[in-house]
Amino acid sequence: MKKLSVLFTLLFLVMLVTSATAIEQTGKVAIGFYGGYSFGFGDVFKKYENHSHYYKYSSQFKVTSSLGAKLKLGLSENIAISFALNYQRTKNEWGFGGEKESKSGNWPSFLVNGILNPMPEGKTCPYIMGGIGVYVYYEEKFKYAETKPGINCGVGVEHFLQDDLELDGGARFHLIFTEDKSTTYIQLYAGLNYFLF
């Protein structure tokens, strides 16, 4: 958590001292890369414990670091659409008796989002976004995989460092449609977008 707060503080300071101006984004194409950290809540992220005279069992599912890449297309001066590949790390910590073990997993996902920028004329541009996604859960230890649909929405801010380079940071809420347990998490991210043309 401390590393994350340092990252966002540095991001904010860079935004204050740079002086690039916004560019007209209609018809522009940008590629972006970002990294972040996630916090899970909902039924699937609850800690489960079972005690008896003979054994003690506990299980805790977590989401951790994430990476991603996206392609953004400007449809008008304040509306864009993005296509993103998101890679989310997961961890299942469980123990039986005195034994403890941790299983790693992954949620690669493909997201399609609409982006609305209410103030496109400045060098610092806040935005809201929302869209749909396909989430693939893959557990490394047991080679288990399943695919689920989901939705996501969030807020963020883009800040131009140069005419074709901008910082991008924000928070995104994910809801994955699973049959029996609610699977929801919040992803904090920061990265760079580069305008190709």
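Numbering-wise, our numbering puts 202 at position 9 of the sequence shown, and it's gapless, one number per residue.
Cβ coordinates follow ideal geometry from the N, Cα and C atoms, glycine included.
From a predicted model like this one, the values you see are computed outputs, not experimental measurements.
Other residues of its chain near residue i: CB distance less than 7 angstroms, five sequence neighbours each side excluded
i    : result
L304 : A277, N279, G324, G326 and N345
H367 : G343, N345, T377, Y378 and Q380
F384 : Note that residue 384 corresponds to Gly in the displayed sequence, not to Phe. Only G225, F226, Y227, G228 and D361 meet the Cβ criterion.
D236 : K374 and S375
E339 : Y330
Neighbourhood of residue i by C-beta, 6 angstroms cutoff - its chain only, sequence neighbours within 5 removed
i    : result
Y241 : S252
P301 : Y280 and V329
K263 : G225, S275 and A277
F238 : F254
F388 : K221, A223 and D357
Residue i burial status per 10 Å Cβ neighbour count (16 or more: buried)
i    : result
P311 : exposed
S269 : exposed
Q355 : exposed
L360 : buried
S259 : buried
V222 : exposed
G261 : buried
Extent of the continuous beta strand (DSSP E) run through residue i
i    : result
Q380 : T376 to F388
T340 : Y337 to Q355
E372 : Segment: none, E372 is in no beta strand (DSSP E) and carries neither H nor E.
M234 : The amino acid occupying residue 234 in the given sequence is Phe; Met does not appear at that position. It spans V222 to F234 - the beta strand (DSSP E) in which F234 sits, taken as one unbroken run.
E242 : Y241 to H244
Chain-order list of residues whose beta-carbon lies under 8 angstroms from that of residue i (same chain, five-residue window excluded)
i    : result
T283 : F254, K255, V256, T257, S297, G298, N299, W300 and Y330
Per DSSP, the bridge partner or partners of residue i
i    : result
F254 : N285
E217 : Answer by DSSP bridge pairing: none, since E217 is not bridged.
What residue ranges within the region 256 to 316 form continuous beta strand (DSSP E) runs of no fewer than 3 residues, ordered along the chain?
-> Runs of the beta strand (DSSP E) inside the region 256 to 316: 272 to 289 and 292 to 309.
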